[in-house]
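Quick note: to get UniProt numbering, add 256 to the position in the sequence shown (first position is 1). Backbone N, C-alpha and C define an ideal beta-carbon position, used for all residues, glycine too.
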Amino acid sequence: RRLLAAVPDLAAEAGAAPPPSDAVLAARGIHVSFGDLQVLRGVDVSVTRGECVMLLGESGSGKTTLSQCIAGLAREYTGTVALEGTSLASATRQRSNDERRRIQYVFQSPFSSLNPRKTVAQSIEVPLVRLTSLSRAQRRDRVAEMLDRVRLGRELANRLPDQLSGGERQRAAIARALVTTPDVLVCDEVTSALDVSVQATIVELLGELRRELGMAMLFVTHNIALAPEVADRVAVLRGGEIVEEGTVDDVLKSPSHSYTRELLANTP
Ligand code: ADP
């Protein structure tokens with residue numbers, strides 16, 4: 257009995273609670289430094305299937321660095337990122353195509369994922385060519401289905417990205433990320449560059465797609481006001497550390513950290 261009783265203490269000493277057993281994505285003890293600058297100082301975050309976790313932080317808090325480590329976008333880090341319990345290599349090139357397929361990323365700027373010289377439909381097909389072995393006919397069907405889901409008609413799908421509005425372009429980028437049916441979607445400030453009315457349609461669309469496709473979502477933003485619309489849980493990142501984490505209700509109604517209270521006080 258003494259041995260068993262010692263186990264939780266050991267876990268606590270190791271610094272982190274184990275991720276929930278149903279976590280589809282679990283990042284543990286993520287550290288990143290650029291020279292002397294420690295940008296992430298041992299961050300833990302996990303997301304279960306169908307759940308949306310908001311990663312909230314001000315500019316410079318390390319949100320993009322963390323989300324790019326998770327998505328394997330060319331960041332070296334220490335710590336582990338695991339998909340359904342299996343650790344992934346930190347360097348993108350060492351991740352298998354299927355691992356890459358299973359975590360997809362939507363950038364603040366849709367131009368980061370849409371090729372300016374390809375039609376939207378052609379850009380959406382690219383990850384299927386790179387990361388799956390689907391036939392041409394299967395790829396066409398999958399692209400058409402995704403265009404439907406993000407409500408981009410044929411005519412818009414045959415345009416170049418700069419011939420679309422900001423909101424249409426972000427919907428195309430979302431379609432490109434979701435066409436591979438990932439388990440995890442990482443959205444990095446995806447509404448920040450859009451008009452407020454367009455932001456709302458994108459937030460609504462992402463919620464609908466998450467429910468329909470049952471994926472886990474990490475929604476990265478500096479905008480705490482989006483939490484009730486978007487998220488189930490909120491993790492607050494400050495100076496490379498998670499200073500508070502809880503359900504949206506708990507964090508908004510009874511924040512435990514003074515920094516979160518400050519963020520709320522400064523939100524209209
Ligand atoms: P956020 O997304 O929250 O604005 P970032 O993850 O982009 O934060 O950046 C966190 C910190 O890391 C910032 O101080 C930024 O200047 C620094 N940083 C990010 N990328 C690099 C890099 N490639 N080289 C040096 N410093 C970097």
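Query                                                                                                                      : Result
Neighbourhood of S315 by C-beta distance below 8 Å, restricted to the same chain and skipping five residues each side      : H478
Pairwise C-alpha distance: V399 and V435                                                                                   : 7 Å
For L322 and L311, believed in contact at Cβ under 8 Å, the rounded distance                                               : 7 Å
Backbone CA spacing between Y333 and S346 [nearest angstrom]                                                               : 6 Å
Enclosing beta strand (DSSP E) for Y361 [first to last residue]                                                            : I359 to V362
8 Å CB neighbourhood of T375 in its chain, flanking five on each side removed                                              : A413, N414, R415 and L416
Among C325, S391, R386 and G335, the one whose alpha carbon lies nearest that of Y361                                      : C325
Range covered by the alpha helix (DSSP H) that runs through R410                                                           : R410 to A413
Per DSSP, cross-strand counterpart(s) of A283                                                                              : V301 and V337
beta-carbon V492 near the ligand ADP non-hydrogen atom, thresh 6 Å                                                         : no
CA nearest to the CA of D488, picked from L450, G463 and V452                                                              : G463
Residue range of the beta strand (DSSP E) that includes V504                                                               : Run containing V504: none in the beta strand (DSSP E); it sits in the alpha helix (DSSP H), V504 to K509.
Beta-carbon contacts of C308 that lie in its chain and below 7 Å, excluding the five residues immediately before and after : R466, M473, F475, V486, A487 and D488
A472 (DSSP reduced to helix, strand or coil)                                                                               : strand
C-beta atoms of G496 and L296 nearer than 7 Å                                                                              : yes
Neighbourhood of R349 by C-beta distance below 8 Å, restricted to the same chain and skipping five residues each side      : none
Member of Q294, V499, T523 and A483 whose CA lies at the smallest distance from the CA of D505                             : A483
Length of the line joining the Cα atoms of R405 and T523                                                                   : 33 Å
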